[in-house]
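Q: Take this structure first; my questions come after.
Residue numbers (full-length UniProt numbering): 1 to 227.
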């Protein structure tokens with residue numbers, strides 16, 4: 001008995017093929033356009049953005065030191081606690097700046113990761129897809145670490161603030177300032193590390209995607225000869 005494809009089935013099959021083509025377009029846009037554009041953007045930002053420069057840390061140190069208030073060589077605890085309670089606005093600007101870049105980078109990666117989970121592949125192609133997935137996982141992991149570092153900064157800082165409010169010790173105020181500076185530097189360094197990982201991951205992604213596409217082309221040629 002001949003099995004015939006119904007018009008409805010054909011329509012559904014066509015829709016699936018159209019969706020697959022649209023997804024492939026999004027994936028290739030992400031790989032060939034958006035990832036390299038983001039890498040170039042981050043390179044410029046690291047060179048030029050004030051928030052990412054060493055001078056930012058120097059200026060921040062001066063601002064924070066001024067938040068410890070003395071009256072006749074005795075620390076004014078109430079004034080100092082009032083000053084240190086909110087996170088410095090410059091630190092907040094840096095955090096928001098980095099969060100936006102992390103969010104954008106994850107948005108670029110998302111369609112590629114989604115495509116990998118449904119792409120048809122033989123054993124050789126699967127190796128290339130796995131290599132791409134690993135490269136993107138490395139970027140996602142650093143993005144996650146940056147977000148967690150920012151969150152942990154606020155959690156630990158709040159604990160220090162509570163200690164300062166309870167014990168009112170100059171040493172705790174100094175530790176808070178040192179912590180603000182240290183963690184801000186770590187966040188800056190983490191962003192540079194993310195950029196370096198993006199460069200490595202992009203090179204690996206485009207190399208393996210091109211190899212994957214070559215294999216697809218060979219399979220299609222073989223099928224054309226057969227039929």
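Ideal Cβ placement from N, Cα and C applies to all residues, glycine included.
Check the DSSP bridge columns for residue 109 and list the partner residues they point to.
A: Against the chain shown, residue 109 aligns to sequence position 109. Answer by DSSP bridge pairing: none, since residue 109 is not bridged.
Q: Are the Cβ atoms of residue 168 and residue 77 separated by less than 8 Å?
A: On the chain shown, position 168 is the one that residue 168 refers to. On the chain shown, position 77 is the one that residue 77 refers to. Contact: yes.
Q: Classify residue 101 as buried or exposed, calling it buried when 16 or more other Cβ atoms lie within 10 Å of its own Cβ.
A: On the chain shown, position 101 is the one that residue 101 refers to. That one is buried.
Q: Where does residue 176 land, buried or exposed, given buried means 16+ other C-beta within 10 angstroms?
A: Along the chain shown, one-based indexing puts residue 176 at 176. When all chains shown are included, residue 176 counts as buried.
Q: On a Cα-Cα basis, can you pick out the residue from 200, 159, 89 that is closest to residue 135?
A: Locating residue 135 in the chain shown gives position 135, where the first residue counts as 1. Minimum Cα distance to residue 135 is reached at 200.
Q: Between which two residues does the alpha helix (DSSP H) harbouring residue 230 extend?
A: This structure gives no information on residue 230, because the portion of the chain shown stretches from 1 to 227.
Q: Please check the pair residue 30 and residue 108, which I expect to be a contact at CB under 8 Å, by giving their CB distance rounded to whole angstroms.
A: What you label residue 30 is simply residue 30 of the chain shown in a count that begins at 1. What you label residue 108 is simply residue 108 of the chain shown in a count that begins at 1. Yes, they are in contact, since the Cβ atoms of residue 30 and residue 108 sit about 5 Å apart, within 8 Å.
Q: Output the distance between the C-alpha atoms of residue 141 and residue 11, rounded to the nearest integer angstrom.
A: By one-based count along the chain shown, residue 141 stands at place 141. By one-based count along the chain shown, residue 11 stands at place 11. Approximately 41 Å between the Cα atoms of the pair.
Q: For residue 91 and residue 184, which I take to be in contact (beta-carbon distance under 8 Å), what is that distance rounded to the nearest angstrom?
A: Taking the first residue of the chain shown as 1, we reach residue 91 at position 91. Taking the first residue of the chain shown as 1, we reach residue 184 at position 184. At roughly 5 Å, the Cβ-Cβ gap stays under 8 Å, so residue 91 and residue 184 are in contact.
Q: Which whole-angstrom value describes the C-beta separation of residue 84 and residue 67, a residue pair presumed to lie in contact below a C-beta threshold of 8 Å?
A: The residue you call residue 84 lines up with position 84 of the chain shown. The residue you call residue 67 lines up with position 67 of the chain shown. Yes, residue 84 and residue 67 are in contact; Cβ-Cβ is about 6 Å, under 8 Å.
Q: Does residue 182 pass the burial test, meaning 16 or more other C-beta atoms within 10 Å, or should it be called exposed?
A: For the purposes of this step, residue 182 is identified with residue 182 of the chain shown, where counting begins at 1. That one is exposed.
Q: Using the Cβ count rule (16 or more neighbours within 10 Å means buried), how would you classify residue 180?
A: As a working note, residue 180 is residue 180 in the chain shown. Buried: at least 16 other Cβ atoms inside 10 Å.
Q: DSSP state of residue 91, grouped into three classes?
A: Residue 91 sits at position 91 when you count from the first residue of the chain shown. The answer is helix: DSSP assigns residue 91 an H, G or I state.
Q: Report, in whole angstroms, the separation of the C-beta atoms of residue 46 and residue 195, which I expect to be a contact under 8 Å.
A: Within the chain shown, residue 46 is the residue found at index 46, counting from 1. Within the chain shown, residue 195 is the residue found at index 195, counting from 1. Right, the Cβ-Cβ distance comes to about 6 Å (below 8 Å), so this counts as a contact.
Q: Would you report the Cα separation of residue 94 and residue 52, rounded to the nearest angstrom?
A: Residue mapping note: residue 94 aligns to position 94 of the chain shown, counting from 1. Residue mapping note: residue 52 aligns to position 52 of the chain shown, counting from 1. Taking the straight line from one Cα to the other gives about 8 Å.
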